[in-house]
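Residue numbers (our numbering), protein chains in the order written: chain A, 1 to 658; chain B, 659 to 1316. Worksheet: the structure to be examined is printed underneath.
There are 2 protein chains.
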Amino acid sequence: MSSVAERMAKNQKAISVAEFFERNRQILGFDTLTKSLLTAVKEAVDNSLDACEEAGILPDITVSIKKIQKDEYRVVVEDNGPGIVRRQVPNVFGRLLYGSRFHSIRQSRGQQGIGISAVVMYAQLTTGHPAKIKTKTAEMDAALTMQLMLDTKTNRPVIQKEDFFIWDREHGTSIEVDMKARYVAGRQSVFEYLKGTALVNPHARIIYKGPDGVKYTFDRATTEMPAPTVEIKPHPKGIEVGKFLNMAKATKNKKMLSFLHTEFSRVSYRVAKEICEAAGISPDMNPKKLTLQDARNLLKSLDKVKIMAPPTDCLSPIGPSLIRKGLKNILGDMKPEFYAPPVTREPKVYGGHPFQVEVGIVYGGEIPKDRPVSIYRFANRVPLLYQQGACVTTKAVESIDWRRYGLEQRGGKGIPYGPAIILIHVASTQIPFTSESKEAIASIPEVQEEIELALKACARKLKTHLSRKEKKEKNRVKFQIVQEILPQIAEKSAAIIDRPVPDLRGTITQIMNVVWIDDELTFRKDRYRVSIKIHNYTPTGKKFSLHYLLPEKGFPMNFSHPPTESSGQKIRWDLKRIPSTEAIEINFEIIGLEKGDMDENEFYVSGLPPVMVIGAEPLPGDWNVAKMKVDEEVEEDNEPDVDEMEDLIDDSEVGEYD
Amino acid sequence: MSSVAERMAKNQKAISVAEFFERNRQILGFDTLTKSLLTAVKEAVDNSLDACEEAGILPDITVSIKKIQKDEYRVVVEDNGPGIVRRQVPNVFGRLLYGSRFHSIRQSRGQQGIGISAVVMYAQLTTGHPAKIKTKTAEMDAALTMQLMLDTKTNRPVIQKEDFFIWDREHGTSIEVDMKARYVAGRQSVFEYLKGTALVNPHARIIYKGPDGVKYTFDRATTEMPAPTVEIKPHPKGIEVGKFLNMAKATKNKKMLSFLHTEFSRVSYRVAKEICEAAGISPDMNPKKLTLQDARNLLKSLDKVKIMAPPTDCLSPIGPSLIRKGLKNILGDMKPEFYAPPVTREPKVYGGHPFQVEVGIVYGGEIPKDRPVSIYRFANRVPLLYQQGACVTTKAVESIDWRRYGLEQRGGKGIPYGPAIILIHVASTQIPFTSESKEAIASIPEVQEEIELALKACARKLKTHLSRKEKKEKNRVKFQIVQEILPQIAEKSAAIIDRPVPDLRGTITQIMNVVWIDDELTFRKDRYRVSIKIHNYTPTGKKFSLHYLLPEKGFPMNFSHPPTESSGQKIRWDLKRIPSTEAIEINFEIIGLEKGDMDENEFYVSGLPPVMVIGAEPLPGDWNVAKMKVDEEVEEDNEPDVDEMEDLIDDSEVGEYD
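Structure follows, in structure tokens:
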């Protein structure tokens, strides 16, 4: 037996991180020739966008792909970013686990310091060629060009050649690699990736020259840079005891009070003192002397102390308006029938990391009907094209009963079927990717819950749209007969027997017995014009309330009927009695919006039995919370209530989907 | 602008691999409290099994989980392995990317040198407690106990305490960690993981003490160790140019010829010479002087040289017989109606790495009917419980049109529905996992193709079973009336009118017009007894052939009718004319099998129109290739043909599933 343990011991040795990834390249996204090409482009473009944003430059990025020989391509990505100082070039491109964004807490595309060096490693592994870097910072007179390889045994860069040259740009960086790869079209192509990138980065201009020689330009939709993200410190509530102890050992602060205050987010001196007191630890204690028990007590005491949630200026969501614009831009060809107003939730926290979820749903038109819905996934403004099945976004979609919202779904689980496309964007200081290839987000419960809430909020809008449409269609035939044909019959009959035409209005109301609402939304010049026509086709006078929800940034004016109340985005009319067979028309205008910001009116009725109203949904029970601002805290704290409300709505209205 | 590039340069720094994984722990399988517990058990058990197998010891492993406080558990895994020599203990448990199996090419569970150190790191991070290791090799008088932590800044072990003690076992290792975790039951529980482990490691005994105090024992089903796997060298056909150049630079061989011969698998001196010649490179050339162009030429020339596939004794498949045993052991409670004979394919190669696929399908009984089929996934004898959606096994299942094989499936894509369970095992010297947590296998095209072929081969058996059953059931009513009731009516009628009972046989054959085959399979003592009864219920005499497929290792004897031909697993009878209304019975026995190795007879008929036969399927067109030995080379080279044949079969028989 001796020999066995001894023999095994002799084989034990350290593995270089580069060797590890060279062997396990699939973990970095290099599992197939097709995917390798996409991964290379993605890593380079991510870096370019990050660098431009950090430097406050509107990104101008050119991606070009050229075929060299069978299964071998040359990829060049060039940007107008700030450039890289000479001494850092070798490490940035030729060393794994080296970067600037790992140690700073804020939203960025790159976080790991692996991606671009992995591209260089894969390229040299498959073709033997070094990567060619060009870079110029604003203060360099000549640009730098460098040919680089990565020594996998040591994980260190090897410079093969270096020179200066005159570059006709003020600043920027370019990387060129030759690699084994295969070029394909379709959902997982470079073209689609760039299209998706343009969708969630409307401030970037991306030029793409494919191997077919054709040049595409994705122009920027806005010249407004995303708000710069601010670096934050870790939040105490997400810290684990081992990490906390490490920080205490490493700090330069001599006292607990200043340690807690200076190294954590949202810990004022007052809060720091409260924490120490609750834990029974002196605020003057030297953090280096902290025992494991002290640390455990301190972290436990956090539950007793009120600490503000982490600041959220470290995040940069896209926002509902730009999501809608992007979707229209990309999906306009399919002529969708409905863009559900996108939902941007308030930031939340998982394990100390702030994150934020955004969702949009597009429905109908030429989107295929008999297929699973498409899910467009994004993380920190980067499209995710692979590993859909492993992604928390997919799990969230699968766990919702979409039959409630008008989509087909076997057993109320799994990806629903129907003519819909769902967009999900997760932004975070630390996206919990399932692997270094950053293709899927791990199933963190807090993240999944937020995505589900966002999806439900957005799906409710879809349901409202579908219910209204369905009811109207069901009643249209009846309406037509009663409204148009009955009077004609009466007229003809009267003519034939030469008697006066009878007044049918009473008869019509008895047959119809509904309040019929028609609405119109048009855009002219700089404003939307809203018209809501209400017909009382019931035998008696009706009195009820009409509720209108304005889109974000919309401002109403020029009312034909002054509203009873108008606060925030909510307008309410308590209507005077509309006599039987009579109608009223409410008109007003909305300014502050651009064309395309609205697709249809969102309005509800209260004070009437739902079966009696055609053309408007009854006011939802959660109007005061969820309908007004979908991201109110109240909603998620009351999640069971929201569900109950949904059940209520379901029972009365969309029971037919079950 | 200067300041931007400079400022960004200042933030660039190296990231320790431990820091990286501390932050991205979800990549290692520590994304949720539930999963963390499973990951810890899995990494420890993997190590124990690998160590035992390497040392040729039948594994005895005890896993115990104890609750310490809310969301905190103590996990202990103890084995009877060879033990670890003192100087390696700290590195094995306290340093990421350190191990013995990374640099050797053969099938093993652990490959990365990350797993167990990651458990130690996660435990100390969440509870602050060190890991407690006990170990003893055969020649140590006293056992060693050591308390260890991992310094994440440097990725090096820190020994906190060390001692010797008397351990009442000859050799073995135990690891104890305290960690944040949550305990659950269900498909992704520790219990299910151990059950799955027992299924594919029938030589191991695993004892499990759960937090509820209950003790389960998974006893070994065999005392035969899996064949020891042999380490191999890389195969030249999987080598990439960058790697090849690195090897050439690092070799101690002075000549190309010896370099190629000694450092690669399957390269004899003759082959090495051929390669050099084809590339126009001198066999005496010093490998260190190889240029990139030389290397490219050499690798290109490989296409012109015949080189044997890599040896496959580096792999250790489970085998059809043990898979079936394991399935019966684990699924017996559900009383499945049919265990399709498992398929073990011949080894194949992807990117130079040998791999092998095994598949089993279980059908019917109490397996739920209205749910997607369950997929049991295994890699190198380790159950994969998470990330099903990301796994190539799932993609392979989804890409098959299961309607052809009798399962329900929307649009012929996606996971099928029905009362079935599919087992897939992939064995390889290098499983291409999608991440370090080893939960899913990446979508390597070669691997997916092999899985699909194995699934189709196994599914054909299922289809045969289902078609036969369906046809029999459809005809049973008719048969009953004609066969049993008609004669009774005739008898009664004859009695009433006092006339002799008429001979109905002619009438019956005219109504039935089928050849009806009933078969029986029973096991007594040491052998299976097969009985096949053939009734000719047609108006004319019939002459045709009967084909029987023996299971692997089965040997036939004591034939009542000597077969016309019997070769390998295939038996054929060219039957003499069976007159109308008559029947014959064929009996024989099969030895060499254990009880449970067979569930039903597999036999076919040729020489009769398929519609005329009830109780046997027509001989498939691919009988000579796929039916006889599913893993013949021929089958995959002819994949289009196989598909065509399936189409043929489909059209005539299972069209009703489309």
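Built from N, CA and C at the ideal position, the CB exists for glycine as well. Everything numeric in this text was worked out from a predicted model, so none of it was measured.
Extent of the continuous alpha helix (DSSP H) run through residue i
i, result
"A:R324", "320-331"
"A:S258", "256-263"
"A:Q124", "115-127"
"B:D1255", "Here B:D1255 belongs to no alpha helix (DSSP H), and DSSP marks it neither H nor E."
"A:Y193", "190-200"
Partner residues on chain B for residue i, Cβ-Cβ distance less than 9 Å
i, result
"A:Y98", "Q670, K671, A672, I673"
"A:L292", "T785, G786, H787"
Residue i, enclosing beta strand (DSSP E) - first and last residue
i, result
"B:Y997", "996-1002"
"B:K725", "718-727"
"A:L608", "Run containing A:L608: none; DSSP gives neither H nor E here."
"B:S832", "830-838"
"B:T1092", "Counting along the chain, B:T1092 falls outside any beta strand (DSSP E), and DSSP gives it neither H nor E."
"A:L384", "382-384"
"A:H353", "353-363"
With 16 other Cβ atoms within 10 Å as the buried cut-off, status of residue i
i, result
"A:F244", "buried"
"A:S282", "exposed"
"B:S1218", "exposed"
"A:D91", "Residue identity check: residue 91 of chain A is Asn in the sequence provided, not Asp. Under this definition A:N91 is a buried residue."
"A:R404", "buried"
"B:P886", "exposed"
"B:V1001", "buried"
"A:Q388", "buried"
"B:Y927", "exposed"
"A:I27", "buried"
"A:P663", "Residue coverage of chain A in this structure runs from 1 to 658, which leaves residue 663 of chain A outside it and unanswerable."
"B:H761", "exposed"
"B:V777", "buried"
"B:R1134", "exposed"
"A:G213", "exposed"
Given residue i as reference, the closest of the options once Cα atoms are compared
i, options, result
"B:D718", "B:D1059, B:Q1088, B:P740", "B:P740"
"A:Q107", "A:K35, A:L315, A:K463, A:Q26", "A:L315"
"B:Q670", "A:V4, A:E72, A:F93", "A:F93"
"B:D971", "B:N944, B:L915, B:P1005, B:M1270", "B:P1005"
"B:P975", "B:C1116, B:K1114, B:V858", "B:V858"
"A:K328", "A:A198, A:D498, A:Q111", "A:A198"
"A:T222", "A:P234, A:E240, A:V214, A:P202", "A:P202"
Contacts that residue i makes with chain A (C-beta to C-beta distance below 8 Å)
i, result
"B:L783", "E240, V241, G242, K243"
"B:Q770", "I15, F20, N24"
"B:T1052", "G389"
"B:R954", "G128"
"B:V733", "The premise fails here: B:V733 is roughly 16 Å from chain A at the closest Cβ pair, so nothing lies under 8 Å."
Beta-carbon neighbours of residue i, restricted to chain A and to distances below 7 Å
i, result
"B:A1100", "Q26, D31"
Residue i: contacting residues in chain B (beta-carbon distance under 7 Å)
i, result
"A:P432", "Q684, D689"
"A:M612", "Result: empty, since nearest Cβ-Cβ is about 39 Å, beyond 7 Å."
"A:V4", "A713, P740"
Problem - Near-chain B residues of the segment 20-45 of chain A (beta-carbon distance less than 8 Å), N- to C-terminal order - result: Of all residues in the segment 20-45 of chain A, those with a C-beta nearer than 8 Å to a C-beta of chain B are F20, E22, R23, N24, Q26, I27, D31, T32, reading in chain order.
Handout entry: Interface residues of the segment 897-921 of chain B facing chain A [CB-CB below 9 Å]
Key = Residues E898, V899, G900, K901, F902, L903, N904, A908.
Practice task
Please list the residues of the segment 469-499 of chain A that have a C-beta atom closer than 7 Å to any C-beta atom in chain B, keeping them in chain order.
Solution key: Result list empty, no residue passes.
Handout entry: Proximal residues, the segment 810-841 of chain B versus chain A, C-beta separation under 9 Å
Key = Going along the segment 810-841 of chain B in chain order, one finds T810, K811, E828, H829, K838 with a Cβ nearer than 9 Å to chain A.
Exercise for the section: Name, going along the chain, the residues of the segment 78-99 of chain A whose beta-carbon falls closer than 8 Å to a beta-carbon of chain B. Expected result: Cβ contacts with chain B come from P82, G83, I84, V85, R87, Q88, N91, V92, R95, L97, Y98, G99.
Practice task
Check distances from the C-beta atoms of the segment 1103-1121 of chain B to those of chain A and list, in chain order, the residues that come in under 7 Å.
Solution key: Across the segment 1103-1121 of chain B, CB contacts with chain A closer than 7 Å involve P1103, in sequence order along the chain.
Exercise for the section: Give, in chain order, every residue of the segment 787-801 of chain B whose Cβ lies closer than 8 Å to some Cβ of chain A. Expected result: For the segment 787-801 of chain B, the beta-carbon criterion of a distance under 8 Å to any beta-carbon of chain A is satisfied by H787, T795, A796, E797.
Handout entry: Interfacial residues, the segment 1006-1040 of chain B to chain A, with Cβ spacing under 7 Å
Key = Residues passing the 7 Å Cβ filter: none.
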